[in-house]
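Some notes on the structure that comes next.
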Amino acid sequence: MLGRKVDFIIVGQGIAGSWLAHELIKRGKEILVVNYETENTSSNKAAGLFNPITGKKMTKTWLADQIFPALENQYQELETLLNKKLLHQIPIYRPFNTIGEKNEWETKIEEPGYLNFVEKLESESIGFQHIQDELGGIILKKSGYVDMKLLISSFRDFLVDKGLYRSEMFDYKAMEFVSEKIMYKEIETSKVIFCEGPNKDNPFFNNLPFKPVRGEVMDIECGLPEDYIINRGVFMIPKNGFHTIGSTYDHKNLSFEPQPEGISSIKQRLSKLFVGPYRIKDKRAGIRPATFDRKPFIGLHQERKTLGIFNGFGAKGVSLTPFFATNFVDFLEGKTKIETEADVQRVY
Ligand SMILES: Cc1cc2nc3c(=O)[nH]c(=O)nc-3n(C[C@H](O)[C@H](O)[C@H](O)COP(=O)(O)OP(=O)(O)OC[C@H]3O[C@@H](n4cnc5c(N)ncnc54)[C@H](O)[C@@H]3O)c2cc1C
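Structure (structure tokens):
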């Protein structure tokens with residue numbers, strides 16, 4: 641086959657490549673997605689949680705005020721396109737650890753910066769059997785989970801249907817750089833954008849300071865009501881009949897196989913929050929494409945401006961990728977700068 645011309649080849653169709661492809665199609669660009677299909681991707685293993693207030697100290701996550709107000713509409717737009725239920729909006733219940741923490745939240749809840757994200761403060765236990773929450777807790781909104789596997793598979797079907805998808809490992813050596821264009825096999829393109837997740841083999845971007853991190857999650861049946869994601873030490877995400885529990889962080893053993901120490905760490909933290917019986921349905925592990933400063937790598941190659949990268953979304957692919965797909969495409973259209981902290985130029 642000769643002579644196919646596209647504006648962009650996107651390499652990789654995890655959540656990053658999917659959002660970027662969607663945004664480019666919306667802007668009328670011709671694209672082709674080249675993706676190697678395997679179970680072992682970051683998106684296939686993720687729990688899918690999105691949460692504006694995170695960490696032990698419960699602070700607003702990076703860019704929360706810009707990202708979270710738009711997030712639900714963005715996923716709903718994709719749901720309409722794909723005719724699938726992807727976004728599950730569920731409040732997070734975070735039981736207090738200490739009286740001090742409770743007192744702190746009694747003042748913090750009034751702060752304007754938190755009003756958008758906090759539903760209410762429960763000053764006593766909410767009464768879920770086997771949940772350890774004697775001091776009550778805080779209920780957060782603008783949170784929930786995205787069905788990542790369904791998103792990836794149904795967006796792939798959409799691309800295949802439109803003739804915009806190729807199932808293959810991208811062959812870096814097959815690129816020919818011809819003036820302002822790239823020939824990739826029989827296809828001429830203006831740019832190739834790599835959305836390869838934790839793959840380390842890309843010769844054009846393998847010197848970037850990625851800091852990949854393995855994580856485990858497990859699915860359990862525990863009979864808890866499904867009104868809340870419960871989060872303290874671990875998260876428990878209700879997913880229609882079971883809960884996904886996670887997770888772990890290990891920079892050393894970068895394996896896609898769940899490790900015994902990872903699973904026992906989840907169990908041990910779970911036992912402090914939930915003291916009832918449960919049955920494990922599934923355990924899985926994946927590698928998060930994290931970076932040295934926990935911010936993504938977005939932008940064009942230092943020398944070859946026909947190559948770009950959209951990667952490094954670490955533990956926050958669900959919330960960061962829709963926002964940054966818009967930001968990156970705006971940049972590619974010459975309308976704006978890439979958000980400074982995410983711009984790959986910071987490491988060149
Ligand atoms: C255990 C675990 C739990 C997580 N939980 C959450 C969570 O609750 N919330 C959240 O927001 N994030 C979570 N994450 C992080 C999230 O999974 C990542 O941020 C996100 O999936 C990264 O997506 P990606 O598209 O960059 O990479 P990937 O999903 O890995 O996709 C990359 C794609 O590119 C393909 N590819 C790579 N190289 C090539 C090539 N050369 N040619 C062709 N194709 C190629 C791969 O096969 C793959 O299909 C979790 C991660 C793990 C491991």
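Start counting the sequence shown at 641; every next residue gets the next number (this note's numbering).
Glycine included, C-beta positions come from ideal geometry on N, C-alpha and C.
Note that the structure is a prediction, hence the values are computed from the model and not measured.
Proximity test, Cβ basis, 8 Å: residue i and chain D
i: Leu972; result: Among the chains in the structure shown there is no chain D, since it carries only a single protein chain.
Cutoff 7 Å; reference residue i; Cβ partners in own chain excluding five residues on either side
i: Val987; result: Leu848 and Pro849
i: Ser905; result: Thr888
i: Ser658; result: Leu791, Ile792 and Phe795
i: Met641; result: With a pLDDT of 49 at Met641, under the threshold of 50, the predicted position of this residue should be treated as unreliable, though the coordinate-derived value follows. Glu826, listed in sequence order.
i: Val969; result: Glu663, Leu664 and Arg667
i: Lys840; result: Asn846
i: Glu719; result: Lys725, Leu726 and Leu727
i: Pro898; result: Glu856, Lys923, Arg924 and Ala925
i: Ala982; result: Lys935, Pro936, Ile938 and Phe964
i: His891; result: Lys851 and Val853
i: Phe810; result: Val651 and Val674
Heavy atom of ligand 1 within 7 Å of residue i beta-carbon
i: Ser904; result: no
i: Phe708; result: no
i: Ser895; result: no
i: Gly886; result: yes
i: Glu901; result: no
i: Lys907; result: no
i: Thr701; result: no
i: Phe882; result: no
i: Pro962; result: no
i: Val857; result: yes
i: Pro752; result: no
i: Val651; result: yes
i: Glu836; result: yes
i: Arg944; result: no
i: Ile671; result: no
i: Thr655; result: According to the sequence provided, residue 655 is Ile. The question's Thr does not apply to it. Under cutoff, so the answer is yes.
i: Pro731; result: no
i: Thr694; result: no
i: Gly688; result: yes
i: Ser830; result: no
i: Lys724; result: no
i: Ser959; result: yes
i: Asn871; result: no
Which listed residue (the options) has its alpha carbon closest to that of residue i
i: Val857; options: Phe845, Glu866 and Phe875; result: Phe875
i: Lys907; options: Asn880, Ile860, Ile869 and Phe953; result: Ile860
i: Asn723; options: Asp797, Ala925 and Gly954; result: Asp797
i: Phe963; options: Gln706, Leu664 and Ser794; result: Gln706
i: Ser765; options: Val758, Leu775 and Phe757; result: Leu775
i: Asn680; options: Gly926, Glu981 and Lys956; result: Gly926
i: Asp867; options: Ile779, Glu828, Glu943 and His941; result: Ile779
i: Asn967; options: Leu947, Gly939 and Gly954; result: Gly939
i: Lys760; options: Arg734, Val646, Gly740 and Glu979; result: Arg734
i: Thr829; options: Ala661, Lys697, Leu672 and Ala656; result: Leu672
i: Gly767; options: Leu864, Gly948, Asn893 and Ser959; result: Leu864
i: Asn684; options: Gly957, Gln985, Lys802 and Glu973; result: Gly957
i: Lys696; options: Thr678, Ile730 and Phe736; result: Phe736
i: Gly837; options: Lys781, Gly954, Leu703 and Ile903; result: Gly954
i: Ser763; options: Ile739, Gln942, Phe757 and Asn871; result: Ile739
Cβ neighbour criterion (16 or more within 10 Å) applied to residue i
i: Gly777; result: buried
i: Asn713; result: exposed
i: Gln653; result: buried
i: Val818; result: exposed
i: Pro878; result: buried
i: Thr931; result: buried
i: Ser959; result: buried
i: Val800; result: exposed
i: Gly784; result: buried
i: Leu755; result: exposed
i: Asp773; result: buried
i: Thr747; result: exposed
i: Pro929; result: buried
Residue i versus residue j: straight-line alpha-carbon distance, rounded
i: Phe971; j: Tyr824; result: 24 Å
i: Phe690; j: Phe950; result: 20 Å
i: Lys851; j: Ser682; result: 14 Å
i: Ile749; j: Asn743; result: 10 Å
i: Phe914; j: Gly688; result: 21 Å
i: Phe937; j: Pro692; result: 21 Å
i: Ala710; j: Arg934; result: 22 Å
i: Met815; j: Gln716; result: 36 Å
i: Tyr812; j: Phe896; result: 24 Å
Residues near residue i by beta carbon distance below 6 Å, same chain, minus five either side
i: Ala686; result: Met788
i: Thr694; result: Thr701
i: Lys782; result: Pro692, Phe708 and Phe757
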